[in-house]
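Remarks on the structure that follows.
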Amino acid sequence: MSFTELWGNIAALIAGFGFAATTLFMRKQKMGRPIDSVLLGNLITFFVCIPFITSDVTFDVKPWIGISYLGIVQLGLSYVFFSKAIRYVSALDAIIYPVIEPIFNPILAFFFLGELMSGNAQIGGILVLIGVISRGLLQVATTTKGNNYG
Numbered sequence: 359m360s361f362t363e364l365w366g367n368i369a370a371l372i373a374g375f376g377f378a379a380t381t382l383f384m385r386k387q388k389m390g391r392p393i394d395s396v397l398l399g400n401l402i403t404f405f406v407c408i409p410f411i412t413s414d415v416t417f418d419v420k421p422w423i424g425i426s427y428l429g430i431v432q433l434g435l436s437y438v439f440f441s442k443a444i445r446y447v448s449a450l451d452a453i454i455y456p457v458i459e460p461i462f463n464p465i466l467a468f469f470f471l472g473e474l475m476s477g478n479a480q481i482g483g484i485l486v487l488i489g490v491i492s493r494g495l496l497q498v499a500t501t502t503k504g505n506n507y508g
């Protein structure tokens, strides 16, 4: 493992813990307005990142439309839905099910672009899918067992 890979792994760990903390704190606000925390977090991120966009800034409209679309639709809309759903699911479910999305990115890249995943990525994806499927099966078994009146 090289030095840059180490820093990438550290950044990934920090991002993972950050997402877990965000989910847990939003879950604690379930009777309030979790979307307010999402808005505040994204505004803070925006202002913290402004100093880092000093190079390669373009005034061409096309990239700004793309970035705006990603910010509003891909990130913004998903956070709106997530903050609504957090009221109705456990914190564990709120963390487990969103991790499926990064698993499907390389799968879609394979089908549409022909990109291949590394062996480690395949193993990691399989482990995540096993965890998510196991959690779903456990929930079904628990619900079925709880509803068995016989």
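Just so we're aligned: the sequence shown equals residues 359 to 508 in the working numbering.
Heads up, the beta-carbon is just placed ideally off N, CA and C, and yes, glycines get one too.
- The C-beta distance from Ala449 to Leu496 rounds to 16 Å, too long to meet the 8 Å contact threshold.
- Taking all protein chains in view, the Cβ of Ile481 is surrounded by fewer than 16 other Cβ atoms within 10 Å, so the residue is classified as exposed.
- As for any alpha helix (DSSP H) of minimum length 4 sitting wholly inside the segment 369-418, the runs are 392-407, ordered along the chain.
- Nearest in C-alpha terms to Arg445, of all of Pro392, Thr502, Trp365, is Pro392.
- Under a 10 Å Cβ-count criterion, Met389 is classified as exposed, with fewer than 16 other Cβ atoms of the shown protein chains found around its own Cβ.
- By the criterion of at least three beta-carbon pairs nearer than 8 Å, the segment 366-384 is in contact with the segment 449-458.
- In chain order, Tyr437, Ser441 place their CB closer than 6 Å to the CB of Val396, counting only its own chain and leaving out the 5 sequence neighbours on each side.
- In this structure, the straight-line span from the alpha carbon of Asn367 to that of Gly399 is close to 23 Å.
- Going by C-alpha positions, Val490 is about 43 Å away from Phe417.
- Comparing C-alpha distances from Ile453 to each of Ala373, Ala369, Thr362 shows the shortest one belongs to Ala373.
- Between the alpha carbons of Val431 and Val415 lies a gap of roughly 22 Å.
- Secondary structure of Arg445 (DSSP, three-state): coil.
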